[in-house]
Structure formats: structure tokens, C-alpha cells
RNA sequence: GCGCUCGUAGCUCAGCGGAUAGAGCAACGGACUUCUAAUCCGUCGGUCGCAGGUUCGAAUCCUGCCGGGCGCACCA
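In the numbering used here, the protein residues as written are 28 to 589.
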């Protein structure tokens with residue numbers, strides 16, 4: 028049941044009849060009543076009539092029988108107060124698995140690109156937001172009835188693999204798995220060898236020496252071998268990728284993220300499509316040689332010096348960068364996978380990149396009418412000092428270490444990890460946020476534990492309650508407030524999914540928990556007998572269902588007890 | 001330099017064209033013989049960065065300025 032939509036429906040009929048055409052009823056929650064509409068104010072101006080007069084006419088024509096009462100207030104607001112009987116019936120009806128929310132009428136096929144860590148590295152805190160936000164959106168959109176194709180765009184290709192594979196070969200070809208046991212150490216060691224090799228060319232080290240001379244050069248050759256399909260090199264590469272995929276899946280499992288191995292489609296997958304990306308762009312006359320590279324110059328992008336900014340499709344050394352891969356992936360997702368909507372959950376700093384990619388794709392005809400691409404950007408996680416969140420030593424924080432600390436501090440995986448996820452999802456994703464253990468683990472306030480606690484109390488009641496829930500009767504103001512909150516679920520889910528803003532759902536759930544806690548404090552249940560007890564049990568039951576469903580859509584677990 | 005983005009209560013943030021700007025934290029004062037007090041109730045606290053403009057109405061839209069962040073050709 029969607030109260031707002033129901034009220035808006037009834038009001039828009041009245042508004043249309045007064046205006047002689049469709050008018051957006053703009054029904055919103057209000058402090059002055061359950062809901063309000065300011066539509067008459069705007070309409071009055073259009074009609075050149077006094078606002079209160081228009082409002083009065085709309086109120087008179089609105090058919091709200093059995094649903095709400097309406098009155099004109101202030102300069103011409105329409106205040107709507109929902110009938111208690113309608114509220115009670117609405118809550119009674121929330122007894123199915125979907126809480127009365129129907130699947131969308133027109134499902135889309137959505138490719139949702141998120142997480143995207145780099146192979147051969149552990150997941151870092153830098154991947155946390157993309158993973159958490161992306162997974163919440165995946166769950167939400169899927170639950171609403173869309174077909175969601177999760178795409179974990181792994182960084183499994185490119186220049187760093189030269190040094191990684193060469194280092195791996197030095198260690199004995201990766202025969203022994205534990206050489207990759209700690210990927211962070213492995214990566215660091217390779218990096219160190221690469222950086223410490225200052226020799227300008229391979230020539231001086233060509234005399235098979237024990238010194239590591241020429242590591243850099245060998246790494247470069249290794250990249251060439253990888254891209255040329257050299258089988259021993261490919262075998263090393265596969266081994267490395269398999270190992271890292273295993274560690275990613277472990278981390279996703281711990282985090283409670285729905286990505287599976289089948290969702291892993293790394294950059295390597297698109298390598299054989301790159302030449303045709305190039306040729307199609309060329310056929311359309313979009314490709315421009317510049318300083319040795321092949322570029323597209325989408326309109327409206329200027330660089331530091333005011334010159335047009337290129338999207339570099341092929342580098343001057345003949346290699347392909349991420350722009351080419353992103354274009355290939357986009358084309359593949361539309362053309363082969365048949366997506367009607369592309370979502371990229373990637374940090375805000377890449378905004379320009381995605382604008383350019385989308386613009387070029389449109390020019391190339393890879394984003395036809397009816398297909399949309401959207402960059403779901405998000406801000407950074409900051410430390411208490413307001414700078415990027417790092418360890419004391421200045422290193423990136425690994426996800427494993429972060430989750431360990433969360434579980435230790437909360438002494439419960441569900442609570443610790445839920446706290447991290449909730450903190451990430453509770454604010455506007457575009458804003459940076461400060462990572463603060465004490466705040467996110469607080470049992471009071473807008474936090475995961477607060478919501479989980481409300482749920483645990485409900486479960487506790489039902490462990491003790493003998494009687495069955497019964498029809499809702501609203502007698503206490505706290506019951507009414509809770510009922511109203513319960514009926515706001517559908518609107519919250521649609522707001523969150525429609526704008527790809529999970530915090531709309533998170534903050535709804537917090538409001539619901541607050542309404543429940545108020546009810547819990549002032550409306551005893553177990554002590555009662557008869558219809559009021561049954562009614563309150565129903566209210567508690569619906570709250571529990573809504574919290575459980577809502578939090579599951581955000582990817583947050585709920586303990587039965589706390 | 002150009003572009004994008006953000007500046008709301010001491011702190012962390014909602015609100016993004018509508019009625020006296022909301023939460024949480026912190027501070028202060030209350031509430032447990034009562035379904036989990038990991039809770040609740042109350043008080044205190046804001047010229048919504050500054051200045052103009054559009055509008056019946058602006059934290060919300062436009063312009064300028066100040067301040068922070070990010071981006072600006074071969075790393076993704």
C-alpha cells in the first residue's frame with residue numbers, strides 16, 4: 028500500500044477538474060497533518076485566483092471518502108489526515124512477503140557495475156563504498172522486479188601484471204600456492220623490485236646474473252608476452268587471477284555481498300573486442316590521431332590549457348587504456364547483453380571520465396534511444412582528520428583488517444559489519460563521510476545497532492507472546508504514529524531505487540525504528556489481554572517484517588537477540 | 001587557469017521551490033519492582049558561507065564573491 032500515491036491519485040482528479048488539465052499534486056509528509064499538498068498555491072497563480080479560494084474548491088471536489096479528511100490551512104495548503112480505520116486496515120494488509128509492494132510494471136534489464144577491485148591486491152577500504160552501495164542497489168532493483176546483471180569489472184589486465192607475473196615467475200612459477208597466500212605482501216614485493224630497479228635497459232643485465240638487474244625490463248617484456256598470448260605467461264596469469272578471485276569471494280562472503288564468481292567479468296574479457304571498438308569509431312569518423320595516440324574529442328570537454336580534452340582510445344605505444352575497455356564493456360552490455368540501463372557505481376573523481384565515455388558512446392550509436400547510462404558516484408571515506416582514511420602508518424586499510432576490527436569492537440559479526448554498512452548507506456552517497464567507530468557502533472542514534480536493537484526487542488516479544496496477532500485498532504497516539512510510518516515503506520523503497528539513493532530507505536527505516544521505540548515505551552503488549560494485545564502484536568509484527576525486509580534490501584543482517 | 005562539486009546547530013548529517021529549517025551526537029535535567037534502559041522523555045542550541053537577483057514564497061533556482069574537495073592526454 029502506498030498512502031502517498033493513493034492520496035495523490037485522489038487529489039489529482041480534483042486538481043485536474045479545477046485547473047482544466049493535469050497538475051502534480053505534490054503530496055508530502057507534513058508536520059501540520061499526516062500529509063500536505065501545496066499544489067493549490069502554484070495553481071492559483073496560474074489561474075490568477077486567490078490561493079485559498081482555489082484550495083477550498085479542490086478540497087470540496089476531492090473524493091477522499093474512506094481514506095482521509097482534507098482541510099485548507101495557512102495561505103492555501105491542503106492538509107490531509109488519514110482516517111484511523113484506513114490506517115488500521117492498511118497495517119492489517121501488510122501480511123505478505125512483499126509488504127504489499129507490487130513488482131514494477133515495466134522491468135528493465137540493468138547491468139550494474141560495482142566493486143571492481145584490482146586483481147593481485149586485497150580488497151581495500153577504497154572498494155568498500157562501491158561494493159556496499161552497489162550491492163544495496165542490486166538487491167533493491169532486483170527485488171522491485173528488474174533483471175539485474177551484476178558486473179564486477181575486475182582490474183585483471185594491464186601494465187601492473189608485467190611486474191606481478193615476472194615476480195611470480197621468479198618465485199618459481201606459482202607452483203607453490205602460498206607464494207600468493209598474502210596478496211598484499213606479494214604485490215608489495217613485486218612493486219619494490221620494480222621500483223628499485225633503476226637500470227635503464229635490459230642490456231646490462233642480460234648476462235645471466237644473480238643481481239635482479241633488468242627486472243623492470245623483464246616486466247615490460249612480460250606484459251608484451253601476456254598480451255601476445257604466450258602460453259606459459261597466460262598460465263601464470265590464470266593462476267594469479269584464480270587466487271585473487273578466491274580471496275575476493277571470501278571477502279564478499281564475510282561482508283554479506285551478493286556477488287558471485289559468475290559476476291566476475293574482468294577487463295581481460297574485453298581485450299579481443301578492442302580492435303573493433305577502434306574500427307567502429309574510425310568508421311564513424313570519430314577517431315583522431317593526436318600525439319601518436321588515437322583519440323575521440325567529445326564536445327564540451329576542455330583540459331588544463333583550454334584545449335579540447337581527448338578520450339584516449341589507443342595509447343601512443345599501441346596499448347589500450349581503460350577508456351577503450353570501458354567503451355568495449357559498454358557496447359557489449361548494450362549490444363550483447365541487451366541492457367536497457369547501465370549503472371556504474373564508481374567514485375566521484377571519475378565523473379569526467381564517465382561523462383566522456385557516455386558522450387563518445389552516444390556519438391558512436393552504442394547508446395541508442397531507450398538505453399540510459401548513469402554514473403552512480405559516491406564520496407570518499409575520510410579519517411577523523413578529514414583526510415582519506417588510512418592506517419596510522421599511512422597505508423591503505425585492507426577490508427579484512429577493517430572487518431576484523433568491526434567484529435572485535437561489536438563482539439558480533441552481524442552488528443559490527445551491519446554498523447559499517449549502515450554508516451555507509453545512511454548518508455547521501457555523493458558526500459564524503461568520516462569513518463568513526465564510536466559513532467557507527469553507538470546503540471542510539473541513526474545507526475545499524477539501533478535498528479537491530481528495535482528488531483531484537485520485537486523478536487523477544489514474539490518469543491514470549493502466546494496469543495496470535497489480531498486486527499489493528501488504533502487507540503494510542505504512538506500506535507497511530509507507528510501505523511503511519513509502516514505505510515510509508517513503499518514510497519521509501521521507490522524513492523531509494525528511483526534516485527539510486529539507498530539513504531532514502533535507510534533513513535525511512537530509522538524513522539520507523541524511532542516510531543516503534545516510542546510505541547514500545549508507551550504501549551505495553553504482553554501485559555495486556557484481548558483485542559488490544561492482538562492489535563499491538565500485529566503492529567509489532569509488521570514493524571519486524573518491515574525492518575527485516577528493508578535492512579535485507581540494504582544488505583544488512585539482523586540478529587534475533589542482542 | 002578552466003571545469004565539476006560541496007559549504008545548514010559546538011560535532012556528524014537530513015531537508016533541495018512552500019507554512020515557525022529537522023534528526024542524532026555532545027551538554028544539562030529527568031524516567032528502570034513493568035515486553036531487552038544497547039532505551040525513552042524534556043531543555044539548551046541555527047542571520048541555512050557572504051552579497052545580489054527571480055518568485056506570492058528561496059536553505060532549496062540564477063549570478064558574483066569567499067572558503068574546502070575533486071578533476072583537467074596516454075595509471076585504472
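The C-beta atom is built at its ideal place from N, Cα and C for all residues, glycine as well.
- If you draw a straight line from the Cα of residue 36 to the Cα of residue 117, it is about 17 angstroms long.
- Below 8 angstroms, too few C-beta pairs join the stretch 492 to 501 and the stretch 147 to 156 to call them touching: fewer than three.
- With fewer than 16 other beta carbons inside 10 angstroms of its own, residue 223 counts as exposed.
- Residue 364 sits exposed, since fewer than 16 C-beta atoms from the chains shown fall within 10 Å of its C-beta.
- DSSP, read as helix, strand or coil, puts residue 287 in coil.
- Between residue 462 and residue 426, the gap from beta carbon to beta carbon reaches 8 angstroms or more.
- Judged by their CB atoms, residue 451 and residue 155 are nearer to each other than the 8 angstroms cut-off.
- Around the Cβ of residue 311, a 10 Å sphere holds fewer than 16 other Cβ atoms; the residue is exposed.
- In the pairwise beta carbon analysis, the stretch 301 to 311 is classified as touching the stretch 348 to 355: at least three pairs are separated by under 8 angstroms.
- Pairing residue 243 with residue 221 gives a Cβ-Cβ distance under 8 angstroms.
- With contacts defined by Cβ atoms closer than 8 angstroms, residue 342 and residue 320 form a contacting pair.
- The stretch 377 to 395 makes no contact with the stretch 158 to 178, as fewer than three CB pairs between them are under 8 angstroms.
- Secondary-structure assignment with DSSP links residue 341 through a beta bridge to 321, 347.
- Of the residues 404, 313, 457, the one whose Cα lies closest to the Cα of residue 388 is 313.
- The Cβ atoms of residue 533 and residue 585 do not sit closer than 8 angstroms to each other.
- Note on geometry: alpha-carbon atoms of residue 438 and residue 395 lie some 51 angstroms from one another.
- Distance between residue 527 and residue 372, taken at the CA atoms: about 10 angstroms.
- Annotation note: the stretch 356 to 386 contains no uninterrupted alpha helix (DSSP H) run of length 4 or greater.
- Here residue 493 is exposed: its Cβ has fewer than 16 other Cβ atoms, across all protein chains shown, within 10 Å.
- As the crow flies, the alpha-carbon of residue 30 is around 25 angstroms from that of residue 47.
- Membership of residue 140 in the beta strand (DSSP E) is indicated by the continuous run 136 to 140.
- One Cα belongs to residue 520, the other to residue 316, and the distance between them is close to 48 angstroms.
- Burial is judged here by how many other beta carbons sit within 10 angstroms of a residue's own beta carbon; residue 517 has at least 16 and is buried.
- For the set 288, 334, 258, the Cα lying nearest the Cα of residue 271 is the one of 288.
- Within a 10 Å sphere around the beta-carbon of residue 185 sit 16 or more other beta-carbons, which makes this residue buried.
- For the 8 angstroms CB-CB criterion, residue 308 and residue 325 do not form a contact.
- For the options 525, 481, 573, 189, the alpha carbon positioned closest to that of residue 546 is the one of 481.
- Per DSSP, residue 451 lies in no beta strand (DSSP E) segment; the continuous alpha helix (DSSP H) that holds it begins and ends at 440 to 453.
- Exposed is the label assigned to residue 299, since fewer than 16 other Cβ atoms lie within 10 Å of its Cβ.
- Exclusion of the five residues before and after residue 554 leaves no residue of its chain whose Cβ lies closer than 7 angstroms to its Cβ.
- The C-beta separation of residue 105 from residue 67 comes to about 6 angstroms, placing the pair in contact by the 8 angstroms criterion.
- The bridge partners DSSP lists for residue 400 are 369.
- Checking the DSSP bridge columns, you'll see residue 174 partnered with 136.
- Around the C-beta of residue 58, fewer than 16 other C-beta atoms lie within 10 Å, and the residue is accordingly described as exposed.
- Counting along the chain, no alpha helix (DSSP H) covers residue 405, and no H or E run does either.
- CA-to-CA, the gap between residue 192 and residue 199 works out to about 11 angstroms.
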